[in-house]
Each structure stands twice: as C-alpha cells, then as structure tokens.
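Participant: Input: one structure, supplied below.
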Amino acid sequence: MGVSKQVYKWGYGDYIGPNKWGLYYPYCNGLRQSPINIIYKTVQHNQRLQPLKLSNFDRIIHGNCTIRNNGKSIDIFIPQTGNVPTLQDYRGEIYQSAGFHFHWGSTNSQGSETWLNNRQYPLEAHVVFWNTRFGDLQTALYESDGLAVIGTLINASVTIK
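Its first residue numbered 1, the sequence shown is counted upward by one per residue in UniProt numbering.
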C-alpha cells in the first residue's frame with residue numbers, strides 16, 4: 001500500500017534503513033507513521049481517546065482478493081464491495097479496509113516496524129484502512145489523516161501453544 005507505483009529502494013540496514021527513509025522520501029519524515037519505538041514508561045493516556053469501533057470483521061468478503069509479493073512484504077488487497085471491514089475512530093471518522101500486509105525479518109529478533117521498549121519482533125501484521133471522507137484509497141493516500149493502520153506484533157515460538 002504505497003504512495004505510487006514507483007519502485008522505492010529501502011530496507012532495514014544502516015545504508016537504507018528507517019533512519020534514512022525521511023532523507024530519500026519526504027513522506028516518511030512525519031510523526032504519524034512507522035517505524036515507531038513505544039517506550040512503556042513514556043506512554044501517556046489521553047482521556048479523549050475512546051476504543052475504536054470495528055465492524056464487519058466477522059463477515060465474508062465477496063469477490064477475489066489480490067495477493068502481491070513486493071520483495072519486502074506480502075500485500076493482500078481486498079475487493080472494495082459488500083461487507084468490507086471498517087473502523088470508526090474517536091472523532092467519528094469511518095475508515096474502510098483496503099487490505100493487509102506483513103513485515104518479517106530473517107531472524108526471530110527483527111522484522112517488525114514497531115518496537116516495544118527497544119525490542120523488535122519477528123513478525124508484524126498491518127491491516128490498512130482509508131478514510132472514507134476522501135472517496136477512495138488513492139486520494140486518501142495523500143492526506144495526513146487519510147490512512148489508519150492496526151498493527152499486531154507476533155512473537156516466534158518453538159512450541160505450539
């Protein structure tokens with residue numbers, strides 16, 4: 001789910017890693033996107049924020065999904081018809097799911113874009129939503145509040161639980 005179809009060079013190493021993304025791609029230089037490192041002791045609760053309202057996550061999506069391997073992650077795009085999952089934020093804005101993708105690493109100690117207390121996880125799933133106020137995903141991509149992402153960190157284990 002990128003800003004354009006242009007091929008971007010990026011990665012996680014020193015040469016083209018997260019600390020360099022903003023130098024090459026100004027869209028990556030904001031304060032509202034990953035990668036982020038959440039430090040528990042600095043987290044502040046905002047009383048205005050309410051739980052997200054999720055809808056249609058238990059519904060069957062009609063139509064064909066498109067799956068793409070872009071060399072960095074697997075992207076699954078869902079058809080924008082019928083019972084598409086949505087979320088409503090604390091302001092009442094409705095976001096519709098465009099699909100989901102995964103980030104993973106070559107070891108069990110790296111791969112996620114989100115860090116918790118300076119620890120990276122081996123796998124992260126992102127469900128990507130676009131703000132319906134903008135009419136479609138392509139338009140929403142260029143707006144500061146055009147996208148919302150729910151990220152889930154996944155740990156690796158050698159035992160089945």
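Quick reminder that beta carbons are idealized off the backbone N, C-alpha and C, glycines included.
Applying the criterion that 16 or more other CB atoms from any shown protein chain within 10 Å of the CB defines a buried residue, is residue 142 buried or exposed?
Facilitator: Exposed.
Participant: Between the segment 104-111 and the segment 126-142, do three or more beta carbon pairs fall short of 8 Å?
Facilitator: No contact exists between the segment 104-111 and the segment 126-142.
Participant: Where residue 127 and residue 88 are concerned, what is the direct C-alpha to C-alpha distance, given to the nearest angstrom?
Facilitator: Distance between the alpha carbons of residue 127 and residue 88 is about 14 Å.
Participant: Excluding sequence positions up to five away, which residues of its chain have a Cβ less than 7 Å from the Cβ of residue 59?
Facilitator: Once the five neighbours on either side are set aside, the close Cβ partners of residue 59 are 83.
Participant: In the DSSP assignment, what residue or residues form a beta bridge with residue 151?
Facilitator: Paired residues: 126.
Participant: So residue 147 packs on residue 129, CB below 8 Å; how close in whole Å?
Facilitator: Right, the Cβ-Cβ distance comes to about 7 Å (below 8 Å), so this counts as a contact.
Participant: Hey, how far is the Cα of residue 20 from the Cα of residue 9?
Facilitator: Residue 20 and residue 9: Cα-Cα distance of roughly 11 Å.
Participant: Grab the span of the beta strand (DSSP E) containing residue 140 for me, first residue to last.
Facilitator: Residue 140 -> not in any beta strand (DSSP E); alpha helix (DSSP H) instead, spanning 137-140.
Participant: Would you call residue 14 buried or exposed, if buried means 16 or more other Cβ atoms sit within 10 Å of its Cβ?
Facilitator: Burial call: exposed.
Participant: To which residues does DSSP link residue 75 through a beta bridge?
Facilitator: Residue 75 is bridged to 68, 101.
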